[in-house]
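For reference, the structure is listed below as structure tokens.
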Amino acid sequence: MPERSDGPAVGSGDGTPARGTPPAERLLNLVIALVNTSAAMTKQQVRSGVNGYGDAPSTEAFERMFERDKDTLRALGIPIVTVDAGGHSDEVGYRIDNDAYALGPVDLTPAELGVVALAAQLWSDKTLRTDMSRAMTKLRAAGAGEAATDAVAGLAPRVRAAGDAYVPLLEAVSERRDVSFRYRAASTGQVLTRHVEPWRIAARGSGWYLVGFDRARGAARVFRLSRIAGRVRVGARSGAFDVPAEVDVDAMLGERVGVTRRAVLAVVPERAQALRARVLRRPDGAADEGAQGEGAGGARRAARGRDVVEVEFRSLSAFADEVAAYGAAVVVLEPADLRADVVRRLSAAAALDASVDGEGNRG
């Protein structure tokens, strides 16, 4: 709810500010009172019963405060109506029209609820985890229940956790405050302090990135949030810099997360549904025709009785992790470097398993 110009203090009749309830809190108190009143509330009842209005030093100051608050709430779409008290009283009352204020029924199809649940998983380990969990519980109670899970079975967000740096960086981007942080370089592993004007935060290739202007280097740079070490320090002054009118985030991140590549996979029927959801086309034997060498010959034999599919990927290591997780259900036909990475992961897992005896003890 937006703050108004009267700030955290209530103005007195002579213009001298007096400390009191913050305007946003007072507005919320008024909404709660007018929603829950059985009939209507008179001005006197508002002044004596709603926290924040007792701060007014005079009747005139209260009248101005109350009128401004009503105008603010109506501008926000909250339907405050005037009610005639009836009888011999000339005083009117106020209430909120609950029928006009209430949110319409939420009626999501199983597929729609499934997509919302899928999006909510992105924040499962972030600041919004509790709020997202409560919201999804309410939606499932009013929706399709378990049917929604079936609509997106096998799918899951591949974006890794943003970490503790996400929230302060997001606030810095919003308020245009400069930041400084310790950053571990990917090439050398050296940790240095960076002073940055943050422009954008984006998710690409299963990771979170900060795009901004590195003051020490005098140029735009991209920083992976998972390589930020320690706490992000945010500058005290808002509006400390101007963001360029045209920031091509896709172009800047394209160099960091790699170009799009294609993998040809041999998949056991009815398995690896998350991979199948990203299939581009079925090459119909193209992998057999282009395969060469002993490794490729093994791939041809593995493709018999399987579905040959083609999937795009960017990060070699991230996609190798994903494919290896399916074990024998997915065999990489192309490209060779992806196949080698997956085989290396599976071999390491097999060696680890072989080192444990039947009682769970290492030999």
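So the sequence shown is residues 182 to 544, counted in this note's numbering.
Using N, Cα and C, we set each Cβ at its ideal position, and we do this for glycine too.
In this text the structure is predicted, and so the values were computed from the model without any measurement.
Shown here, G230 sits in a helix according to DSSP, grouped into three states.
Rounded to whole angstroms, the Cβ separation of I277 and V216 is 5 angstroms, and the two are in contact under 8 angstroms. Between Y275 and A221, the C-beta gap is smaller than 7 angstroms, which places the two residues in contact. For E515, the pairing in a beta bridge is given by DSSP as V445. Within its own chain, the residues whose Cβ lies closer than 6 angstroms to the Cβ of R520, once the five positions on either side in sequence are excluded, are V513, listed in chain order. Judged by DSSP in its simplified three-state form, Y347 adopts helix. The three-state reading of DSSP puts F422 in coil, since its state is none of H, G, I, E or B. Pairing E451 with R442, the inter-Cα distance amounts to about 24 angstroms.
Going by C-alpha positions, Y390 is about 46 angstroms away from Y234. Non-local beta-carbon contacts of R418 in its own chain, meaning distances under 6 angstroms to residues more than five positions away in sequence, are absent. With a contact defined as Cβ atoms closer than 8 angstroms, S361 and R414 qualify at about 5 angstroms. Comparing alpha carbon positions, the residue from R525, D280, V460 and R358 closest to D423 is R358.
Here L533 carries a helix assignment [DSSP, helix/strand/coil]. The three-state secondary structure of L209, taken from DSSP, is helix.
Assigned with DSSP and collapsed to three states, E241 falls in helix.
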